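Take the sequence shown: its position 277, counting from 1, is numbered 276 in numbering that gives the first Met the number 0, and each next residue is one higher. Cβ coordinates follow ideal geometry from the N, Cα and C atoms, glycine included. As the structure is a computational prediction, the values presented were derived from the model and not from experiment. What follows is a single structure, written as C-alpha cells, with notes after it.
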Amino acid sequence: MKLFFLSLIFLSLTAEEALQTRTKVLMGTFASISLSESNKGLYKGAYAVLLRVDNALSSYKKNSPIYKLNRDKKADINFYTYEALLLSQKYYKKSGAYFNVAIGSVTKDLYHFGEDERIPQSWELNVSDTSFNTLVFDKKRAKLGQGVKIDLGGFGKGYGVDRAIEYLKINTVQEARVSLSGDIRCLGICEININNPFSDEALLHFFTKEEEMGISTSGNYNRFVGTKENNHLINPKTKESQQNFISLTLISTLPNADIDAYATAASVMPKELAYKFLDSLDLAYVVLETDKKLVISENIALFVNVDK
Numbered sequence: 000m001k002l003f004f005l006s007l008i009f010l011s012l013t014a015e016e017a018l019q020t021r022t023k024v025l026m027g028t029f030a031s032i033s034l035s036e037s038n039k040g041l042y043k044g045a046y047a048v049l050l051r052v053d054n055a056l057s058s059y060k061k062n063s064p065i066y067k068l069n070r071d072k073k074a075d076i077n078f079y080t081y082e083a084l085l086l087s088q089k090y091y092k093k094s095g096a097y098f099n100v101a102i103g104s105v106t107k108d109l110y111h112f113g114e115d116e117r118i119p120q121s122w123e124l125n126v127s128d129t130s131f132n133t134l135v136f137d138k139k140r141a142k143l144g145q146g147v148k149i150d151l152g153g154f155g156k157g158y159g160v161d162r163a164i165e166y167l168k169i170n171t172v173q174e175a176r177v178s179l180s181g182d183i184r185c186l187g188i189c190e191i192n193i194n195n196p197f198s199d200e201a202l203l204h205f206f207t208k209e210e211e212m213g214i215s216t217s218g219n220y221n222r223f224v225g226t227k228e229n230n231h232l233i234n235p236k237t238k239e240s241q242q243n244f245i246s247l248t249l250i251s252t253l254p255n256a257d258i259d260a261y262a263t264a265a266s267v268m269p270k271e272l273a274y275k276f277l278d279s280l281d282l283a284y285v286v287l288e289t290d291k292k293l294v295i296s297e298n299i300a301l302f303v304n305v306d307k
C-alpha cells in the first residue's frame, strides 16, 4: 500500500503550549499526536485507538471486516465498523448521494488507488456498480451486493481523529492535537496554515476560536493517476474525477468524520450545488477553485481569528 500524505494544512504549535508531537505511520498516512509532558503516558493508548480504527475500516488489511465484506459480500463486523457504516448512511442521505462509500468498485477495482494504479476505460466506468442500497448491516454482520465494493476513505481519517480525541477527553486531557493527513482536531486553541500549492504563501493563516475544533481539507492535486484529470475525488453519479476545486477546507465544531465526509461530497458536486450544500451546514470554508480563485465563506469570523 502506498503512503498517502496530503500536505494541505500546516499545524503550528506555539512555545507557550509546550506540546510534544509524536508521529507514526497509520491509516496510510502520517498520524501525529501532540500532548503536554504531563499527558505523555497517553500516546500509547491514543495510537492503539487509531490502530483499532484502521483494522476496522481498512479495505487493504486482509483481516479487516471491510476487506472481508468486499471479498466475500458478507462479514462479521465490530463496533467501529458498525458505527462507520451508520455514518456512511447519514452522509449518503445528507449529501444527496454525492457521498457514497460504494464508490469502491471504481476506486479499488478500476483505478486501484494506493496499489497498482491505472486509468480505467470509459466502458469499465460505465458498467461499474456503485449501488449503495445493496449494503445491508446490523451491529454484528454486514452484507453487500455482487459487484459492489466499499471504500471508507472519504471519511475514515476524520473518524480516526474523532476516536483518538474521544480517548484523550475521557482521560481528562484539555489540550491536544491529533492530525491525520488533511484532518486535524484541536483541544485548545491552535494555529493553522492552509497551504497554497502554487506559492510559499499560505492561502489562509488563522487561530481556532473554540476550545475544540476540527479542520478537514480535501484536494485533487496530490493524489492522481497520470494527470490531475484522473484524481481520487470521483463523483459517484458520473464516475468521473472532479475538476472544479483544487482544495476545499472546512472548519467546524462538528465531528471530523462529518466535515471530512462533507468536504469529500462537496468536492465532487457541481460548483453551485457544492456552495449551496456547504452554506447549509454549521461550518466555514476556504476553497481554491481550479482557476485559482480563492473563496472564503462569509461566516469565517465565527469560527476562527484570521491573522491579517
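Beta-carbon to beta-carbon, Leu143 and Ala30 are separated by about 28 angstroms, too far to satisfy the 8 angstroms threshold. With respect to the C-alpha of Thr22, the residue from Ser279, Val177 and Ser37 having the closest C-alpha is Val177. Residue state for Gln173 is assigned as coil, using DSSP reduced to three classes.
In this model, Ser215 and Ile102 are separated by some 20 angstroms (Cα to Cα).
Annotation for Val24: the continuous beta strand (DSSP E) segment containing it runs Leu18 to Leu25. Around the beta carbon of Asp161, 16 or more other beta carbons lie within 10 angstroms, which makes this residue buried. Taking 9 angstroms as the cut-off, the beta carbon of Asn255 is found closer than this to the beta carbon of Lys156.
Beta-bridge analysis with DSSP links Gly218 to Ser246. Met212 is bridged by DSSP to Cys185. Going by C-alpha positions, Ser251 is about 9 angstroms away from Glu211.
Considering only Asn77, Gly95 and Val147, the residue with the shortest C-alpha distance to Asp137 is Asn77.
The alpha-carbon of Val100 is positioned some 34 angstroms away from that of Thr171.
Taken through DSSP and simplified to helix, strand or coil, Ile164 comes out as helix.
For Lys156, the secondary structure class from DSSP, reduced to helix, strand or coil, is helix.
Comparing alpha carbon positions, the residue from Phe98, Leu280, Leu186 and Ser33 closest to Asn234 is Phe98. The beta carbon of Tyr166 sits closer than 7 angstroms to the beta carbons of Gly44, Ala45 and Val48 from its chain, once the five residues preceding and following it are set aside; these are given in chain order.
CA-CA distance, Leu34 to Ile169, rounds to 14 angstroms.
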